[in-house]
Amino acid sequence: MKAAILTDVTKCIGCLECVAACKRENKLEPDLPRLWQKSDGLSAENWTSIVRRQEKRYVRKQCRHCIEPACASACPVGALHKTEKGAVVYDSGKCLGCRYCMMACPYGIPRYDWDQPVPYVRKCILCYSRLNEGRQPACTEACPTGATVFGDRDELLAEARRRITQQPNVYFDRIWGEHEVGGTSVLYISDVDLGFLSYQPRLGEKPMPETTAIAMNAVPFAFVGMGGLMAGINWIIQRRNKLTGGKEGGEE
Amino acid sequence: MDRVQKAKTVLWSIVALAASVGTARLLFGLGATTNLSDTTPWGFWIGFDVMGGVALAAGGFVTTAFFYIFKREDFHPLVRPAVLTAFLGYVAVIIGLLFDLGLPWNIWHMIVFWNPHSPLFEVGWCVMLYTTVLLLEFSPVPLEETSRYARMRSLLLKLRLPLVILGIALSTLHQSSLGSLFLIMPFRLHPLWYSPILPVQFFVSAVALGMMMVAFESVVSHWLYRRSPATELIGKLAKAVVWVLGVYLLIRVIDIVASSELGLVFSGSRESVLFIIELLISTIIPLVLFSIPVWRRQSRWQAVGSGLVVFGMVMNRIDVGGLTMLSATGGSYIPSWTELSISFGIVAAAGLVFLFAVERLHVWEKRPQDEQSQQFAMPRFDVISSVWLGNPGMASRVKYSLSFILVFSLGVAFLPWEKIQSKGVPQVEALRARGGDTLVVDGNLDGYGVAFAHDKHVETTGGKDKCVVCHHMNLPGDKQSGCYQCHGQMYTSQDAFRHDWHADPNGAKLACVQCHTPGDERNAKSAKQCKDCHSDLIPAGAAVVVDNYYAPPYADAMHRLCVTCHQQKATEIEGKQALAQCASCHGTLSGQNVLAADAPVTWPSSEGSVFLPSQKLTRSHKK
Numbered sequence: 001m002k003a004a005i006l007t008d009v010t011k012c013i014g015c016l017e018c019v020a021a022c023k024r025e026n027k028l029e030p031d032l033p034r035l036w037q038k039s040d041g042l043s044a045e046n047w048t049s050i051v052r053r054q055e056k057r058y059v060r061k062q063c064r065h066c067i068e069p070a071c072a073s074a075c076p077v078g079a080l081h082k083t084e085k086g087a088v089v090y091d092s093g094k095c096l097g098c099r100y101c102m103m104a105c106p107y108g109i110p111r112y113d114w115d116q117p118v119p120y121v122r123k124c125i126l127c128y129s130r131l132n133e134g135r136q137p138a139c140t141e142a143c144p145t146g147a148t149v150f151g152d153r154d155e156l157l158a159e160a161r162r163r164i165t166q167q168p169n170v171y172f173d174r175i176w177g178e179h180e181v182g183g184t185s186v187l188y189i190s191d192v193d194l195g196f197l198s199y200q201p202r203l204g205e206k207p208m209p210e211t212t213a214i215a216m217n218a219v220p221f222a223f224v225g226m227g228g229l230m231a232g233i234n235w236i237i238q239r240r241n242k243l244t245g246g247k248e249g250g251e252e
Numbered sequence: 253m254d255r256v257q258k259a260k261t262v263l264w265s266i267v268a269l270a271a272s273v274g275t276a277r278l279l280f281g282l283g284a285t286t287n288l289s290d291t292t293p294w295g296f297w298i299g300f301d302v303m304g305g306v307a308l309a310a311g312g313f314v315t316t317a318f319f320y321i322f323k324r325e326d327f328h329p330l331v332r333p334a335v336l337t338a339f340l341g342y343v344a345v346i347i348g349l350l351f352d353l354g355l356p357w358n359i360w361h362m363i364v365f366w367n368p369h370s371p372l373f374e375v376g377w378c379v380m381l382y383t384t385v386l387l388l389e390f391s392p393v394p395l396e397e398t399s400r401y402a403r404m405r406s407l408l409l410k411l412r413l414p415l416v417i418l419g420i421a422l423s424t425l426h427q428s429s430l431g432s433l434f435l436i437m438p439f440r441l442h443p444l445w446y447s448p449i450l451p452v453q454f455f456v457s458a459v460a461l462g463m464m465m466v467a468f469e470s471v472v473s474h475w476l477y478r479r480s481p482a483t484e485l486i487g488k489l490a491k492a493v494v495w496v497l498g499v500y501l502l503i504r505v506i507d508i509v510a511s512s513e514l515g516l517v518f519s520g521s522r523e524s525v526l527f528i529i530e531l532l533i534s535t536i537i538p539l540v541l542f543s544i545p546v547w548r549r550q551s552r553w554q555a556v557g558s559g560l561v562v563f564g565m566v567m568n569r570i571d572v573g574g575l576t577m578l579s580a581t582g583g584s585y586i587p588s589w590t591e592l593s594i595s596f597g598i599v600a601a602a603g604l605v606f607l608f609a610v611e612r613l614h615v616w617e618k619r620p621q622d623e624q625s626q627q628f629a630m631p632r633f634d635v636i637s638s639v640w641l642g643n644p645g646m647a648s649r650v651k652y653s654l655s656f657i658l659v660f661s662l663g664v665a666f667l668p669w670e671k672i673q674s675k676g677v678p679q680v681e682a683l684r685a686r687g688g689d690t691l692v693v694d695g696n697l698d699g700y701g702v703a704f705a706h707d708k709h710v711e712t713t714g715g716k717d718k719c720v721v722c723h724h725m726n727l728p729g730d731k732q733s734g735c736y737q738c739h740g741q742m743y744t745s746q747d748a749f750r751h752d753w754h755a756d757p758n759g760a761k762l763a764c765v766q767c768h769t770p771g772d773e774r775n776a777k778s779a780k781q782c783k784d785c786h787s788d789l790i791p792a793g794a795a796v797v798v799d800n801y802y803a804p805p806y807a808d809a810m811h812r813l814c815v816t817c818h819q820q821k822a823t824e825i826e827g828k829q830a831l832a833q834c835a836s837c838h839g840t841l842s843g844q845n846v847l848a849a850d851a852p853v854t855w856p857s858s859e860g861s862v863f864l865p866s867q868k869l870t871r872s873h874k875k
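Protein chains in written order, with this note's numbering: chain A, 1 to 252; chain B, 253 to 875.
Here it is, written out as structure tokens:
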């Protein structure tokens with residue numbers, strides 16, 4: 001089973017039970033406004049938040065748990081990785097604090113302990129330990145209206161499509177997270193546009209790790225090629241100097 | 253020598269400032285000492301120190317390629333200073349990283365934990381390896397000062413050609429990989445800078461920058477030590493750089509045209525202006541300048557041209573490194589003075605080491621006279637301090653130390669202490685609730701208010717005798733003080749006891765001994781308690797028991813008092829379960845939702861616990 005969350009924006013009443021449950025489950029400290037916070041309510045102590053859009057429309061924001069996560073591909077020490085069950089988790093013991101994951105995430109999700117002398121990256125981990133126990137995440141369990149539900153990704157996609165076809169005049173004909181950046185484990189259906197959840201309204205379907213893959217695959221060739229080229233040029237010039245009776249160069 | 257002394261004094265002062273700020277950075281964390289944020293996690297340190305530093309150090313591999321590979325004997329005078337600069341540059345990059353990394357003591361993790369998919373992993377490895385290569389390339393210079401290590405030196409000299417080739421290959425990799433770093437940010441980086449061939453652009457510009465950095469450094473150091481500049485040699489570099497700059501300009505123009513972004517260049521936006529300025533300074537003006545043979549042979553224009561390339565290319569690294577992402581992320585970021593001082597401090601320290609090396613080692617053809625050689629010169633009387641400072645060599649050291657100590661203390665004094673203490677929590681004064689029978693409780697007037705039906709609560713709580721349930725502590729002589737009168741700050745705790753006012757002759761006019769017993773230590777613990785004088789201060793039957801006089805923040809106080817009671821009533825009264833939900837208070841104000849549109853809805857605290865900024869936070873970090 002590939003764990004996933006489907007959030008139906010039309011059903012959310014903005015009660016914040018998911019936020020409270022997340023806080024309890026992950027033992028997060030009370031949240032205070034800080035100078036370095038974004039205005040979307042996520043912070044080092046808030047791994048999910050409710051963003052209000054228009055009249056009575058609430059959108060829950062959290063880590064999207066991409067199928068091919070940019071953060072995990074960017075992390076130089078592999079502190080972030082996608083688990084088999086679907087959660088993108090963080091190993092604070094490996095992290096060196098470069099914050100490349102924060103730069104790479106197309107949704108701008110990871111947050112940082114800016115106030116700590118020993119800071120860590122903090123974000124939703126899809127209640128990884130609960131998943132291992134066979135339980136669902138705290139947020140979906142707490143939701144009183146079923147606006148955010150947990151399940152298998154394929155089943156949730158089917159459910160989302162069923163809701164859209166049933167009420168095509170209510171929903172946008174789009175499942176956010178179905179294909180974008182290679183697909184995410186946190187899916188949305190909505191009657192308001194959710195382009196604001198990412199840096200650009202349309203992200204394309206190319207998984208983020210592929211953007212750097214070409215350059216990274218070229219590395220061995222560039223290394224050997226440049227080395228070989230320099231050695232070759234050096235050999236040719238040295239031989240030419242020898243033949244023309246020129247003095248040996250290179251040594252002091 | 254006074255020019256060198258003045259320069260060194262300035263450099264030592266900058267290092268001192270960085271030392272004080274750097275200590276604060278390590279003690280108090282990134283938030284207190286930088287303007288970095290969740291929106292802008294990479295700032296000036298990455299853009300200038302790391303990206304700029306690596307690019308500036310490109311002179312090392314370019315010069316060694318000219319001399320050892322292409323056998324250009326005439327470049328010999330530039331090789332040693334270029335390799336030294338490159339080595340110092342890389343060490344500076346690593347030191348800069350130690351301040352930027354959140355967990356700098358984990359920097360070695362890259363050696364054991366591998367993620368070959370990450371461009372940063374590759375950059376890290378190349379920097380480690382190339383710094384080692386540069387050290388090996390340069391070490392024959394200090395080793396020639398003594399005959400003791402002659403065998404080691406001759407071994408290093410034999411290894412030199414393979415080392416040079418390895419160094420060039422490694423430089424090629426990570427100069428370009430610094431560009432690859434940003435390939436994963438197509439949505440952040442402005443389209444004028446984002447390009448799939450960023451790695452190529454970075455490599456070509458690094459070659460140009462490397463050549464011009466060597467030229468610029470030569471001009472500056474010759475001016476500093478009043479030596480005649482190497483005009484002819486720099487003229488050759490200037491001639492060569494024209495080709496490299498030409499290729500670079502071509503690549504960038506083709507890239508812009510091919511991705512049909514030409515319209516963006518002339519759109520008049522902030523980024524378009526920045527783009528044009530960057531390209532003019534870094535490429536077009538120097539290209540024109542050095543294309544004219546008469547100009548590139550004059551040392552004045554050499555200084556200008558090389559300076560422009562250095563400035564412009566570093567500007568390019570800062571632009572890519574974060575400046576042009578601000579429009580996509582919607583953030584604002586201006587580096588704090590603390591960030592700038594650490595960056596410049598590291599550069600200044602590298603400069604001092606460079607000067608130290610050229611004075612003591614055979615880096616240049618002719619070693620400049622150092623202060624040490626003047627130790628038998630006539631001592632001079634210092635005009636500023638009117639103090640006999642000893643011989644000129646010693647006098648200069650006294651001046652450096654003095655400037656270091658003075659600037660270090662200035663740095664400590666001007667540290668952002670308020671931000672350090674508040675841990676980034678803004679000081680927001682809580683305002684009184686407004687209204688009559690129904691109060692609007694909204695301490696910071698941000699629209700997150702609650703319509704609190706005071707009259708209804710009086711009724712359900714049990715009438716006028718039950719005020720004490722909520723008004724758990726009142727100012728002397730008052731029976732229903734407003735919450736804000738003690739809980740005066742929205743997000744931080746404060747002392748409800750006003751010591752100043754009690755001691756003030758215009759206030760309570762109390763003598764010290766009236767509260768503090770003579771002989772005892774004068775502190776809050778040993779002093780008289782408030783209730784000893786104000787018997788009516790804490791009424792019986794209150795919902796909150798006051799055991800100290802630190803008033804929790806307004807937001808917390810409200811939640812704790814209301815939520816506790818609501819949760820209790822929700823279980824006690826049949827059919828009132830809804831009382832425990834947030835929406836029972838938040839959500840309605842005369843039928844309208846009080847939350848402002850587009851505002852995040854936050855839950856201040858899961859258990860209504862009190863937050864003291866000084867209190868140590870304990871946390872569990874889960875995998």
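We put the beta carbon where it would ideally sit given N, CA and C, even for glycine. Computed from a predicted structure; not experimentally measured.
Legend entry - Supposed contact pair Cys127/A and Ala142/A - C-beta distance, whole angstroms, cut 8 Å: Contact flag wrong, Cβ pair sits at about 11 Å.
Legend entry - Three-state class that DSSP yields for Trp377/B in the structure shown: DSSP places Trp377/B within a helical segment (H, G or I) once states are collapsed to three.
Legend entry - Reduced DSSP secondary structure (H/G/I, E/B, other) of Cys837/B: The answer is coil: DSSP assigns Cys837/B none of H, G, I, E or B.
Inset, instruction - Would you kindly check if the distance between the Cβ of Val693/B and the Cβ of Ala685/B is under 8 Å? - result: Yes, these two residues count as a Cβ contact at 8 Å.
Legend entry - Cβ-Cβ distance between Ile533/B and Gln453/B below 8 Å: Against a cut-off of 8 Å, the Cβ pair of Gln453/B and Ile533/B comes out as no contact.
Inset, instruction - Taking only the alpha-carbon atoms, compute the straight-line gap between Arg812/B and Ile50/A and give it to the nearest angstrom. - result: Rounded to whole angstroms, Arg812/B and Ile50/A show a C-alpha spacing of 22 Å.
Inset, instruction - Quick one: residues in its chain with C-beta nearer than 8 Å to the C-beta of Ile570/B, no 5 flanking neighbours on either side, listed in chain order? - result: Contacts found: Phe296, Gly299, Phe300, Met303 and Gly304.
Legend entry - Span separating the alpha-carbon of Thr744/B from that of Gly793/B: When rounded, the separation of the alpha-carbon atoms in Thr744/B and Gly793/B is 27 Å.
Legend entry - Ala231/A and Ile417/B closer than 8 Å at C-beta: Yes, these two residues count as a Cβ contact at 8 Å.
Inset, instruction - Would you kindly work out how many angstroms separate the C-alpha atoms of Val846/B and Ser584/B, rounded to a whole number? - result: Caution is warranted here: a pLDDT of 38 is assigned to Val846/B, below 50, making its placement in the model unreliable, and the coordinate value is therefore given only provisionally. Cα-Cα distance, rounded: 28 Å.
Inset, instruction - Note down, one range per segment and in chain order, each alpha helix (DSSP H) of at least 4 residues found wholly within the stretch 662-749 of chain B. - result: Within the stretch 662-749 of chain B, the complete alpha helix (DSSP H) runs of at least 4 residues are 669-674, 706-713 and 719-722.
Inset, instruction - Pair every Cβ in the stretch 390-407 of chain B with every Cβ in the stretch 328-342 of chain B, then say whether three or more of these pairs are closer than 8 Å. - result: The stretch 390-407 of chain B, when compared against the stretch 328-342 of chain B, does touch it at the 8 Å Cβ threshold.
Inset, instruction - Using a Cβ cut-off of 8 Å (strictly closer), state whether His818/B contacts chain A. - result: Taking CB atoms only, His818/B has no neighbour in chain A less than 8 Å away.
Inset, instruction - Entirely within the stretch 430-488 of chain B and at least 4 residues each: give me those alpha helix (DSSP H) ranges in chain order. - result: Qualifying alpha helix (DSSP H) stretches, in chain order: 450-476.
Legend entry - Test: Asp290/B CB closer than 8 Å to a CB of chain A: Chain A contact via Cβ: present.
Inset, instruction - Measure from the C-beta of Gly146/A to each C-beta in chain B and report whether the shortest distance is under 8 Å. - result: Gly146/A is outside the set of residues whose beta carbon lies under 8 Å from a beta carbon in chain B.
Inset, instruction - Say whether chain B places a C-beta atom closer than 8 Å to the C-beta of Ile233/A. - result: Yes - at least one Cβ of chain B is within 8 Å of the one on Ile233/A.
Inset, instruction - Please report the Cβ distance between Met463/B and Leu489/B, rounded to the nearest whole angstrom; I am assuming they are in contact, meaning their Cβ atoms lie under 8 Å. - result: So it is a contact: roughly 5 Å between Cβ atoms.
Legend entry - Within 8 Å, strictly: CB atoms of Val185/A and Ser370/B: In the sequence as presented, Val is not what sits at residue 185/A; that position holds Ser. No; because the gap between Cβ atoms is not below 8 Å, this pair is not in contact.
Inset, instruction - With a 10 Å radius around its C-beta and 16 neighbouring C-beta atoms as the bar for buried, classify Asn775/B as buried or exposed. - result: Counting Cβ neighbours within 10 Å, Asn775/B comes out exposed, since fewer than 16 surround it.
Inset, instruction - Specify the secondary structure class of Thr107/A as computed by DSSP and reduced to three states. - result: Correcting the residue identity first, residue 107/A is Tyr in this sequence and not Thr. In this structure, DSSP gives Tyr107/A a state outside helix and strand, which the three-state scheme calls coil.
Inset, instruction - Would you tell me roughly how many angstroms separate the C-alpha atoms of Asn46/A and Tyr107/A, rounded to the nearest one? - result: The alpha-carbon atoms of Asn46/A and Tyr107/A are separated by roughly 16 Å.
Inset, instruction - Work out the CA separation of Phe749/B and Leu355/B for me, nearest whole Å. - result: When only Cα atoms are considered, Leu355/B and Phe749/B end up about 40 Å apart.
Legend entry - Reduced DSSP category for Ile5/A - H, G, I as helix; E, B as strand; rest coil: Of the three classes helix, strand and coil, the one that applies to Ile5/A here is strand, per DSSP.
Legend entry - 7 Å Cβ cut-off: residues of chain A touching Tyr743/B: Simply Leu32 and Pro33.
Legend entry - Nearest-angstrom Cα separation, counted from Gly274/B out to Gln737/B: Between Gln737/B and Gly274/B, the C-alpha separation is close to 40 Å.
Legend entry - Ranges of the alpha helix (DSSP H) found wholly within the stretch 578-617 of chain B, counting only runs of at least 4: As far as the stretch 578-617 of chain B is concerned, its whole alpha helix (DSSP H) runs of at least 4 residues are 578-581 and 589-612.
Inset, instruction - In the DSSP assignment, find the alpha helix (DSSP H) that holds Thr275/B and state where it starts and stops. - result: Residues Asp254 to Phe280.
Legend entry - beta strand (DSSP E) segment containing Val51/A, residue limits: Taken as a continuous stretch (DSSP letters only), the beta strand (DSSP E) holding Val51/A covers Ser49 to Arg53.
Inset, instruction - Report buried or exposed for Val899/B, applying the criterion of at least 16 other Cβ atoms within 10 angstroms of its Cβ. - result: Because chain B here runs from 253 to 875, residue 899/B falls outside it and cannot be looked at.
Inset, instruction - State the DSSP-derived secondary structure class of Tyr171/A, mapped to helix, strand or coil. - result: Three-state result, Tyr171/A: coil.
Inset, instruction - Give me the Cα-Cα distance between Cys163/A and Leu42/A, rounded to the nearest whole angstrom. - result: Looking at the sequence provided, one finds Arg at residue 163/A rather than Cys. Roughly 29 Å between the two C-alpha positions.
Legend entry - Where Cys764/B falls, given that 16 or more other Cβ within 10 Å makes a residue buried: Exposed: under 16 other Cβ atoms inside 10 Å.
Legend entry - Run of the alpha helix (DSSP H) containing Arg318/A, from where it starts to where it stops: Missing from the structure shown is residue 318/A; chain A here goes from 1 to 252 and no further.
Inset, instruction - With DSSP as the reference, label Phe518/B as helix, strand or coil. - result: Residue state, collapsed to three classes: coil.
Inset, instruction - Put Leu187/A into one of helix, strand or coil per three-state DSSP. - result: In this structure, Leu187/A counts as strand in the three-state DSSP scheme.
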